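Going by our numbering, the final residue of the sequence shown carries number 342, and the count climbs one at a time with no gaps.
The beta carbon of each residue, even a glycine, is placed where N, CA and C say it ideally should be.
Values in this document were obtained by computation on a predicted structure and should not be read as measured data.
Read the structure below first, then the notes.
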Amino acid sequence: MGVKRLEPEALKTWVDGLIELGRVVGVQAREDRFVFDELGEAEDLRLDYDTTVLPPKKYFLPPEDAFLEFKDGSYRPLDRAEPYVLLGVHPYDMAAINQLDAIFLQGNTDTHYRALREAAAIVVTDVQNASENCFAGCMGTATVEDGFDILLTRVDDHYLLDWRTDRGEELAVPVMEAPDAEREDLLARERVWEKNRELLQQLKLEVPPETLPSILAKSWDDPIWEDKAELCFSCGSCNLVCPTCYCFDVHEDVNWDLSSGTRTRYWHACMLEPFARVAGGHNFREQKVSRYRHRYYRKGKYIADKYGMSGCVGCGRCIGSCPAKIANPVEVYNHLAEVSS
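Structure below.
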């Protein structure tokens, strides 16, 4: 809808202005890692980060979220969704949020997710430095076209601020006097996108992602599942850092009066032993191998079959978080593609 050219100092001034107006969450350095956290000043914002420890989904699906109170047979929802700006989301994480939208906002809408999602004005930033485990370029998520309000792209020594929605235009009001992006700026941005499609292939998936469902359909009994699962600690780290994992458990904590309490949902993980346990103690995936295989089928086949998109966006967080070094989707899928061809 409009593209402005901002020098780095003008960008900082704009971010500081957003902070003065309300809550801003942005990417910041924590020792040798990067995290999304409340932003106190623009100086702390790091748009040159490679990847964050946890994805921004934590603001729409909090790890621990009390969403309902009950007392004496009545209840009330706990809706604390106040407007804020989520600044610095990488394209692959935006693709993951778009996938969560498709899952939670279609059909029987999750109203709590919707409230948290609609509270966020999202500013996407194109990647400047790639994580060593990233393969988003192979998954088609090195760039993103929709779902966000503003796109920031560093071009040479300045930034292009591109607002895509009415909310984005409202946020961009303080920079309306900045010069418009010229044709050469837009061409340079196209070159950034083209470069990032290669840059974000630090690991190389040897087959198109749309072929994964058919490859997995032939791979149920492949020995790789047993070989990898034997080393698995069932810690769930790969689930917890994944931007598209959305499973949760619900607990009801009753107070001492036995008539009031809180309903809370927590992140859950299909790699954990109790995940598939049901009433009577039966566990549908008691063995590690069945849990390990399920995760790859969920990412590569089940989500694709139901929603028409891969359940993996190629961020590579699972690879770096796995203590057993067995969570590399590229390694697994390349092997399956080779033996099934």
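Given that a residue counts as buried once 16 or more other Cβ atoms are within 10 Å of its Cβ, and exposed if not, what is residue 243?
Position 242 of the sequence shown, counting from 1, holds the residue named residue 243. So residue 243 counts as buried.
Run the CB neighbour count on residue 130, radius 10 Å, all protein chains shown included, and call it buried at 16 or more, exposed below.
To locate residue 130, count along the sequence shown from 1; it is residue 129. Burial call: exposed.
Go through its chain and collect everything with a Cβ distance to residue 121's Cβ below 7 Å, but skip five positions before and after it.
Residue numbering aside, residue 121 sits at position 120 when the sequence shown is read from its first letter. If we look at residue 121 and ignore the five residues flanking it on each side, its Cβ neighbours are 60, 85 and 87.
Verify whether the separation of the beta carbon atoms of residue 106 and residue 247 is less than 9 Å.
Taking the sequence shown and counting its residues from 1, the one referred to as residue 106 is at position 105. Taking the sequence shown and counting its residues from 1, the one referred to as residue 247 is at position 246. Taking 9 Å as the Cβ cut-off, residue 106 and residue 247 do not qualify as a contacting pair.
At what residue ranges does the stretch 241–302 contain a whole run of the alpha helix (DSSP H), taking only runs of 4 or more?
Counting whole runs of 4 or more residues, the stretch 241–302 contains the alpha helix (DSSP H) stretches 289–298.
So the candidates are 136, 185, 46 and 179; which of them puts its Cα closest to the Cα of residue 203?
In the sequence shown, the residue the question calls residue 203 occupies position 202. Among 136, 185, 46 and 179, the Cα nearest to that of residue 203 is on 136.
With distances taken from CA atoms, which of 154, 272, 252 and 92 is nearest residue 230?
Taking the first residue of the sequence shown as 1, we reach residue 230 at position 229. Closest by alpha carbon: 272.
What residue ranges within the stretch 112–176 form continuous alpha helix (DSSP H) runs of no fewer than 4 residues, ordered along the chain?
As far as the stretch 112–176 is concerned, its whole alpha helix (DSSP H) runs of at least 4 residues are 112–119, 137–140 and 167–172.
Along the beta strand (DSSP E) that carries residue 68, what are the first and last residues, could you check?
For this step, residue 68 is matched to residue 67 along the sequence shown. Start and end: 65–72.
Can you confirm whether the stretch 218–235 touches the stretch 191–200 when touching is taken to mean that 3 or more C-beta pairs between the two stretches lie within less than 8 Å?
Cβ pair count under 8 Å is below three, so no.
I need the DSSP call for residue 78, collapsed to helix, strand or coil.
Locating residue 78 in the sequence shown gives position 77, where the first residue counts as 1. The answer is strand: DSSP assigns residue 78 an E or B state.
Which residues mark the beginning and the end of the alpha helix (DSSP H) in which residue 218 is found?
To locate residue 218, count along the sequence shown from 1; it is residue 217. Here the alpha helix (DSSP H) through residue 218 covers 213–218.
Using a Cβ-Cβ cut-off of 8 Å (strictly less than) and excluding sequence neighbours within five positions of residue 275, which residues of its own chain qualify?
By 1-based counting over the sequence shown, the position of residue 275 is 274. Excluding sequence neighbours, residue 275 sits near 284.
Per DSSP, residue 4 is paired with what?
Locating residue 4 in the sequence shown gives position 3, where the first residue counts as 1. Paired residue(s): 163.
How many Å lie between residue 7 and residue 128 at the Cα?
Locating residue 7 in the sequence shown gives position 6, counting from the first residue. Locating residue 128 in the sequence shown gives position 127, counting from the first residue. Answer to the nearest angstrom: the Cα atoms are 17 Å apart.
Assign residue 132 to buried or exposed, taking buried as 16 or more other Cβ atoms, counted over all protein chains shown, within 10 Å of its Cβ.
By one-based count along the sequence shown, residue 132 stands at place 131. It counts as buried.
On the DSSP letters alone, give me the boundaries of the alpha helix (DSSP H) that residue 105 sits inside.
Residue mapping note: residue 105 aligns to position 104 of the sequence shown, counting from 1. Looking at the DSSP string, the run of the alpha helix (DSSP H) that includes residue 105 is 92–105.
With a threshold of 8 Å, are at least 3 pairs of Cβ atoms found where one atom belongs to the stretch 40–54 and the other to the stretch 73–82?
No, the stretch 40–54 is not in contact with the stretch 73–82.
Would you grab the beta carbon distance between residue 93 and residue 333 for me? Rounded to a whole angstrom, and I think it's under 8 Å.
One-based indexing of the sequence shown puts residue 93 at position 92. One-based indexing of the sequence shown puts residue 333 at position 332. Between residue 333 and residue 93 the Cβ distance is about 19 Å, and since that is not below 8 Å, they are no contact.
Flag this pair as yes or no: are the beta carbons of residue 151 and residue 167 separated by less than 9 Å?
Your numbering for residue 151 matches position 150 in the sequence shown. Your numbering for residue 167 matches position 166 in the sequence shown. No; because the gap between Cβ atoms is not below 9 Å, this pair is not in contact.
With DSSP as the reference, identify every bridge partner of residue 37, one or two as the case may be.
On the sequence shown, position 36 is the one that residue 37 refers to. Per DSSP, 28.
Less than 9 Å between the C-beta atoms of residue 26 and residue 38, yes or no?
On the sequence shown, residue 26 is found 25 positions in, with the first residue counted as 1. On the sequence shown, residue 38 is found 37 positions in, with the first residue counted as 1. For residue 26 and residue 38, yes; Cβs fall inside 9 Å.
Give me the Cα-Cα distance between residue 187 and residue 141, rounded to the nearest whole angstrom.
Translated into positions along the sequence shown, residue 187 becomes position 186. Translated into positions along the sequence shown, residue 141 becomes position 140. Rounded to whole angstroms, residue 187 to residue 141 spans 21 Å at the Cα level.
What first and last residue would you give for the alpha helix (DSSP H) that runs through residue 342?
Indexing the sequence shown from 1 puts residue 342 at position 341. Counting along the chain, residue 342 falls outside any alpha helix (DSSP H), and DSSP gives it neither H nor E.
Going by alpha carbons, who is nearest to residue 172 out of 42, 12, 307 and 207?
Taking the sequence shown and counting its residues from 1, one reaches residue 172 at position 171. Comparing Cα-Cα distances from residue 172 to each of 42, 12, 307 and 207, the minimum goes to 12.
State the Cα-Cα distance for the pair residue 255 and residue 9, rounded to the nearest angstrom.
If you number the sequence shown from 1, residue 255 lands on position 254. If you number the sequence shown from 1, residue 9 lands on position 8. Residue 255 and residue 9: Cα-Cα distance of roughly 52 Å.
Could you please give the first and the last residue of the uninterrupted alpha helix (DSSP H) stretch that includes residue 18?
Mapped onto the sequence shown, residue 18 falls at position 17. Element bounds for residue 18: 9–22.
Comparing C-alpha positions only, which one of 268, 138, 119 and 97 sits nearest to residue 83?
One-based indexing of the sequence shown puts residue 83 at position 82. Of the listed residues, the one whose Cα sits closest to residue 83 is 119.
Taking just the CA atoms, how far does residue 80 sit from residue 328?
By 1-based counting over the sequence shown, the position of residue 328 is 327. By 1-based counting over the sequence shown, the position of residue 80 is 79. Taking the straight line joining both Cα atoms gives about 36 Å.
Going by other Cβ atoms of all chains shown within 10 Å of its Cβ, with 16 needed for buried, is residue 252 buried or exposed?
As a working mapping, residue 252 is identified with position 251 in the sequence shown. Result: exposed.
Would you check if the distance between the CB atom of residue 304 and the CB atom of residue 317 is smaller than 9 Å?
Stepping through the sequence shown from its first residue, residue 304 is reached at position 303. Stepping through the sequence shown from its first residue, residue 317 is reached at position 316. No, Cβ-Cβ distance for residue 304 and residue 317 is not below 9 Å.
Looking only at its own chain, which residues have a Cβ that is under 6 Å from the Cβ of residue 90, when we skip the five neighbours before and after it?
Residue mapping note: residue 90 aligns to position 89 of the sequence shown, counting from 1. Contacts found: 57, 123 and 125.
Of all the options 139, 97, 157 and 326, which has the alpha carbon lying nearest to the alpha carbon of residue 234?
By 1-based counting over the sequence shown, the position of residue 234 is 233. It is 326.
Going straight from the alpha carbon of residue 134 to that of residue 50, what length do you get?
Translated into positions along the sequence shown, residue 134 becomes position 133. Translated into positions along the sequence shown, residue 50 becomes position 49. Each residue's Cα considered, the two are about 14 Å apart.
Which of helix, strand or coil does DSSP assign to residue 50?
As a working note, residue 50 is residue 49 in the sequence shown. Three-state DSSP puts residue 50 in coil, outside helix and strand.
With DSSP as the reference, label residue 201 as helix, strand or coil.
What you label residue 201 is simply residue 200 of the sequence shown in a count that begins at 1. Residue 201: coil per DSSP, three-state reduction.
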